[in-house]
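>
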Amino acid sequence: MKISELQTYKKILILGYGKEGKAVERYLKMNVPTSEILIADKNDGEDYLLRQKDADLVIRSPGVKVELVFKKWTTATNIFFSSFLGTTIGITGTKGKSTTASLVAAMLRTKGGDIRLVGNIGNPMLDELTTSTKNTVAVIELSSYQLSDLYFSPHITLVVNWYPEHSDFHGSFDAYKKAKQNSIYFQTDKDYFIFDSEEKEVVGWVPLTKANPLPYTADFPFEPEKVPLIGNHNKKNIQGALTVARLFDVTDEAAQRAVYSF
């Protein structure tokens, strides 16, 4: 939802007032000053959800289950993707997404440019949206909570892995899987879906997207004794990040510097 549409709502409720909710408030005050901003959080009491009745639009925070929203709603993630002018790299998966997102950002920064690490591990997306340009590259750690009602996909999506978890939030393992699949579902034939070819569940998602499928690079141009990240899972994370970095013409030597100093 772009600013022009947000400006048509007189009363906007931020549902969930954590880190992202506060970023939404800052964004609305700057870009939609004529709208009244309402806030509802579970710390306000058991009836906090009823405050939706007073709003024309609800902005759901990631920790609030979708089924608890009963008015027209959007999310900070949808606002970001609808308005961001640069290149988006989404990193998701059950385990390892924070490390992989950080590795991608570190490798890309070796070339200079405007690289932003946003989402769960970095700054809130809407804080970065305000100062971004068409030359900005956003590396976004995306949780299933953010993906469950997302109607956009990144230009480049890297899915680290998928395991059956979070059924308590999503209601079922299948719903959790579908949330993760939103990271590739809206991609185009100009985009990339990057995955570990040994993660058979994720490999099975290739037919769901129009994006170019790109398995992790098989080579590992790093001296193991210089890599501070331990374990085969981190080797995989590095290979995934390197696969992304090579799309931006990051050399192996530059990637090595990023990893060795990680």
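Taking this note's numbering, the leading residue of the sequence shown gets 26, the next gets one more, and so forth.
Ideal Cβ placement from N, Cα and C applies to all residues, glycine included.
With a cut-off of 8 Å on the beta carbons, I'd call Leu-167 and Val-49 a contact; round off their distance for me.
In fact, because the Cβ distance is near 17 Å, the residues do not count as touching under 8 Å.
> Assuming contact is defined by CB atoms lying nearer than 8 Å, are Ile-219 and Ile-181 in contact in what I supplied?
yes
> Since Ile-165 sits in a beta bridge, which residues does DSSP pair it with?
Gly-115, Val-143
> My parser needs the alpha helix (DSSP H) runs of 4 or more residues fully inside the region 39-91; what are they?
44-56
> How is Ile-181 classed by DSSP in three states: helix, strand or coil?
strand
> With distances taken between CB atoms, is the gap from Val-129 to Ala-270 smaller than 8 Å?
yes
> Within 10 angstroms of the Cβ of Asp-221, are there 16 or more other Cβ atoms? Answer buried if so, exposed if not.
With 16 or more other Cβ atoms within 10 Å, it is buried.
> Taking 8 Å as the cut-off, decide whether the C-beta atoms of Trp-230 and Gln-206 are in contact.
yes
> Tell me the residue span of the alpha helix (DSSP H) that contains Tyr-201.
198-210
> When you compare the CB positions of Lys-54 and Ala-80, do they come within less than 8 Å of one another, or not?
no
> According to the neighbour-count rule (16 or more other Cβ atoms, all chains shown, within 10 Å of its Cβ), is Asn-262 buried or exposed?
buried
> With DSSP as the reference, label Asn-259 as helix, strand or coil.
Residue state, collapsed to three classes: helix.
> Among Glu-92, Lys-120, Ile-84, which has the Cα closest to the Cα of Asn-103?
Ile-84
> Once the 5 residues before and after Pro-238 are set aside, which same chain residues still bring their CB inside 6 Å of it?
Phe-218, Val-231
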